[in-house]
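Enquirer: Protein chains in written order, with numbering that gives the first Met the number 0: chain P, 0 to 141; chain U, 0 to 141; chain B, 0 to 141; chain Y, 0 to 141. Heads up, the beta-carbon is just placed ideally off N, CA and C, and yes, glycines get one too.
Number of protein chains: 4
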Amino acid sequence: MSTFDADAATDLLASVFAPWIQDLQLTIERIGENDAVLRMPFSERLTRDNGVVCGQALMALADTAMVFAVSAASKAYRPMTTVDQTTHFLRPVAGSATIATAEVIRLGRTMAFGRITLTAEGEARPAVSVQTAYALLGEPPK
Amino acid sequence: MSTFDADAATDLLASVFAPWIQDLQLTIERIGENDAVLRMPFSERLTRDNGVVCGQALMALADTAMVFAVSAASKAYRPMTTVDQTTHFLRPVAGSATIATAEVIRLGRTMAFGRITLTAEGEARPAVSVQTAYALLGEPPK
Amino acid sequence: MSTFDADAATDLLASVFAPWIQDLQLTIERIGENDAVLRMPFSERLTRDNGVVCGQALMALADTAMVFAVSAASKAYRPMTTVDQTTHFLRPVAGSATIATAEVIRLGRTMAFGRITLTAEGEARPAVSVQTAYALLGEPPK
Amino acid sequence: MSTFDADAATDLLASVFAPWIQDLQLTIERIGENDAVLRMPFSERLTRDNGVVCGQALMALADTAMVFAVSAASKAYRPMTTVDQTTHFLRPVAGSATIATAEVIRLGRTMAFGRITLTAEGEARPAVSVQTAYALLGEPPK
């Protein structure tokens, strides 16, 4: 049986993703049974002219977090590709880190579905709500 | 009457967006009546471990392109914010630039709606299809 | 201060919606602070050739349930219109009633956002996951 | 080689869909290479209290039209199921029939992707814009 824990997740974060995504300086906060929590630190490099974290970085964080939730639910990283992502922007994130909580709501043989919620760190109310489908490639881990 | 042409668009690209988005090195290819074409050059900084342009960069390109289409349709840049973006990933983009064609399909008083199609440069078939709603803030330009 | 309770909801269900939606024979199961639970009984009139409840009825149930969640959060029905709805179909519903739980995740001045989860009655796992934005028309109730 | 023409489509419309969908009295207007046009007549049974065609019927029309576009692109009907549908409501349809134009933008081995545009009959501007993914079940027709 494979395991996928925070150490495996940190290795994955450093190896699979594009350098441009590495620039977001994401960290793994938690790997659960079928969910994952990632943190994106605040940076002026991510802010628009109006001082809020740009929506593009929030979408990128959500997509990245979902890879970890699917890996957690699968007990190992497996090649996957995003089929679709729907992102609703509810409230701006300004001047703080962003926390992404990604949850797998169905893990099938060839597809996974999830919901991701982003919040400004220390804030209970959701800033961004995401719904997504992934295609799972190759065999599931033994 | 305001105008919004390729020069105004190039100025906008350099001023409103986050430095992390500037890293994409986007260029304005065309500004139309209610549409805009942007180009994202290929870079290994944007590629995943499997050699394809990461989905996060494609979502970011689409969102950015839509700001220019809304500005074109409005005849000037106006403050706006993304309400939602739905992105379907149809085919990978590998080793080539990505072209984004964004079109406003409804420009209302307080909201705009659009479709964006991304293709690998020189390829007719769509790589990514996006549907989006924007909230328009403040008064429309005179 | 207005109130919006199960009786008000039952009146609303009978008055605002199209006769074709009345055919779904929905009932109000619960009205909460900012959420609502509706039930759609099983009917062969809603099933496809393969015996599962058709996706169109599931989308319709979700959209309808959200009107009640927004009314609950607003403390009264107010005119509203769906801006967009994204529906992911996770598992089929076959031979049983469908329960819709709609929750407002942000109630703004002019827009509301929500998530709706559908399950086959008596089943914990989600059958359908929905994310949506509504435009709120006219003044909020006093 | 299979064919899928307007006659085959009319047979399909009468056989696969739920009786509740039959109530919409849809007709096939055109079957193309990888697209389909369907018509939903106006009916007071489909209108909300405010006189506009209810959004639920528009979503149902779009989903149904896509089945025909996928069948057209596949040269025959094949079992399929909706993975997700994102619907943006741009303008109300009041007092007129609704025309749905569904187009397959990618037909893969196991998935199909499409866009559907709805308009009030005789009106050029889109009323509803839809983006969708379908899972294709079983073998493609020979």
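Taking residue 109 of chain U as the query, report the chain Y residues whose CB atoms sit under 8 Å from its CB, ordered along the chain.
Expert: Per Cβ cutoff of 8 Å: no residues; residue 109 of chain U is ~13 Å from chain Y at best.
Enquirer: Quick check: the segment 100–113 of chain B against the segment 79–87 of chain Y, are there 3 or more CB pairs under 8 Å?
Expert: no
Enquirer: Report the rounded CA-to-CA distance for residue 95 of chain P versus residue 89 of chain P, giving the unit in angstroms.
Expert: 16 Å
Enquirer: Just verifying my parser: in three-state terms, what is the DSSP assignment at residue 0 of chain U?
Expert: Because the pLDDT of residue 0 of chain U is 49, which lies under 50, any placement of that residue in the model is unreliable, and the question is left without a value.
Enquirer: So, does the CB of residue 81 of chain Y fall closer than 8 Å to a CB anywhere in chain U?
Expert: no
Enquirer: According to the Cβ coordinates, are residue 36 of chain P and residue 100 of chain P closer than 8 Å?
Expert: yes
Enquirer: Who does residue 26 of chain P pair with in a DSSP beta bridge?
Expert: P:38, per the DSSP bridge assignment.
Enquirer: Using a beta-carbon distance cut-off of less than 9 Å, what residues from the segment 74–105 of chain P approach chain U?
Expert: 78, 80, 81, 82, 83, 84, 85, 86, 87, 88, 91
Enquirer: Using the beta-carbon count (16 or more within 10 Å), is residue 128 of chain B buried or exposed?
Expert: buried
Enquirer: Less than 6 Å between C-beta atoms, sequence neighbours within five positions excluded: which residues of the same chain meet that for residue 40 of chain B?
Expert: Cβ neighbours of residue 40 of chain B beyond the five flanking positions: 24, 96.
Enquirer: Using the beta-carbon of each residue, which ones in chain Y are nearer than 7 Å to residue 112 of chain U?
Expert: 87, 89, 128
Enquirer: Using only alpha-carbon positions, find the residue among P:70, P:54, P:131 that is nearest to residue 34 of chain P.
Expert: Among P:70, P:54, P:131, the Cα nearest to that of residue 34 of chain P belongs to P:70.
Enquirer: Starting from residue 132 of chain B, find everything on chain P with Cβ-Cβ shorter than 7 Å and list it in chain order.
Expert: The contacting residues are 87.
Enquirer: Based on the DSSP output, what are the partners of residue 114 of chain P in its beta bridges?
Expert: P:102, P:130
Enquirer: Across the segment 11–23 of chain P and the segment 52–68 of chain P, are there enough close Cβ pairs to call them in contact, namely three or more that are closer than 8 Å?
Expert: Look at the beta carbons and you see the segment 11–23 of chain P touching the segment 52–68 of chain P: at least three pairs across the two are nearer than 8 Å.
Enquirer: Tell me the DSSP secondary structure of residue 89 of chain Y in three-state form.
Expert: coil
Enquirer: How would you list, in chain order, the residues of chain U whose beta-carbon sits under 9 Å from the beta-carbon of residue 16 of chain P?
Expert: Residues of chain U passing the Cβ test: 47, 48, 53, 55.
Enquirer: With 16 other CB atoms within 10 Å as the buried threshold, where does residue 117 of chain P fall?
Expert: It is buried - the Cβ of residue 117 of chain P has at least 16 other Cβ atoms within 10 Å.
Enquirer: Whole angstroms is fine: what's the gap from residue 135 of chain P's alpha carbon to residue 2 of chain B's?
Expert: 47 Å
Enquirer: Going by beta-carbon coordinates alone, are residue 12 of chain B and residue 76 of chain B separated by less than 8 Å?
Expert: no
Enquirer: Since residue 52 of chain P sits in a beta bridge, which residues does DSSP pair it with?
Expert: P:46
Enquirer: Which residues does DSSP list as the beta-bridge partners of residue 97 of chain Y?
Expert: Y:39, Y:119
Enquirer: Alpha carbon to alpha carbon, what distance is there between residue 38 of chain B and residue 108 of chain P?
Expert: Cα to Cα, the separation comes out at about 30 Å.
Enquirer: Let me see if you follow: with CB-CB separation under 8 Å, is residue 125 of chain U close to chain Y or not?
Expert: In terms of beta-carbon proximity, residue 125 of chain U lines the interface with chain Y, with at least one pair separated by less than 8 Å.
Enquirer: Judging by CA-CA distance, which residue of B:8, B:92, B:44 is the nearest neighbour of residue 31 of chain B?
Expert: B:8
Enquirer: At which residues does the alpha helix (DSSP H) containing residue 5 of chain B begin and terminate?
Expert: 5–14
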